[in-house]
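Adding 2 to a residue's 1-based position in the sequence shown gives its number in the numbering used here.
By construction, the Cβ of each residue, glycine as well, lies at the ideal position given by its N, Cα and C atoms.
Notes follow the structure.
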Amino acid sequence: MHPYQSQIDRMWNLINLKVRASKNGFWIETVSLTYIILEIELRLLLTSKAGKQGKPLSSSVIDKCNYLKSLADLALEEEFINPNLYDEIISFNKIRSDMTHGLIQGRIEYPQLEDVCKSTSNIINKIQSLWLSITIGPEESR
3 MHPYQSQIDR MWNLINLKVR ASKNGFWIET VSLTYIILEI ELRLLLTSKA
53 GKQGKPLSSS VIDKCNYLKS LADLALEEEF INPNLYDEII SFNKIRSDMT
103 HGLIQGRIEY PQLEDVCKST SNIINKIQSL WLSITIGPEE SR
C-alpha cells in the first residue's frame with residue numbers, strides 16, 4: 003500500500019470540492035483546497051518517482067515537512083521539480099498568504115480573489131504530470 007493511501011483516497015473528493023467552490027465563486031475555499039491538494043501532490047511525487055538519489059523518498063523524510071514551502075524546498079533540493087515549478091509553488095503560497103491578509107486588512111476586495119484562484123490551478127496539473135502522466139489518445143478524445 004502507498005504510504006499516503008488515505009490521502010490518495012480523499013483526493014478526488016478534495017478535487018470535486020475545489021471545482022465546486024470555484025464554480026460557485028467561493029474563492030477562499032478554492033485557495034485553501036488548492037493548498038491542500040498541492041501538498042498531497044508533492045507528497046505523492048516524492049514517494050512515486052526517483053529523485054537525484056535514484057529512488058523515491060521515504061515517508062519518514064517527507065513527513066518532517068509540515069508546510070507546502072518545506073515540501074517544495076525538499077522537492078527542489080532532491081531534483082523532483084525544476085526551479086521554474088518551484089517558483090510557481092512559492093509564488094502561489096505568497097499570493098495565498100497576501101490574499102488572506104489583504105482581505106482581512108481591507109487592501110483587496112473579495113471579487114479580486116477570483117484572478118488569484120484561476121491563475122494557480124495549473125500548478126496542480128504540472129506536479130501531477132510529473133508522477134502520473136496521463137496521455138489522451140485518439141479514442142479518448144472523441
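C-beta contact flag for residue i and residue j at 8 Å
i	j	result
I83	L19	no
A74	I97	no
L47	I110	no
L40	L76	no
Q9	I42	yes
T36	I126	yes
W29	C119	yes
Residue i, buried or exposed, once every other Cβ within 10 Å from all chains shown has been counted against 16
i	result
R22	exposed
P58	buried
E116	exposed
DSSP state of residue i mapped onto helix, strand, coil
i	result
E79	helix
Q9	helix
D100	helix
F28	coil
Straight-line gap, residue i to residue j (C-alpha atoms, nearest Å)
i	j	result
V33	G56	33 Å
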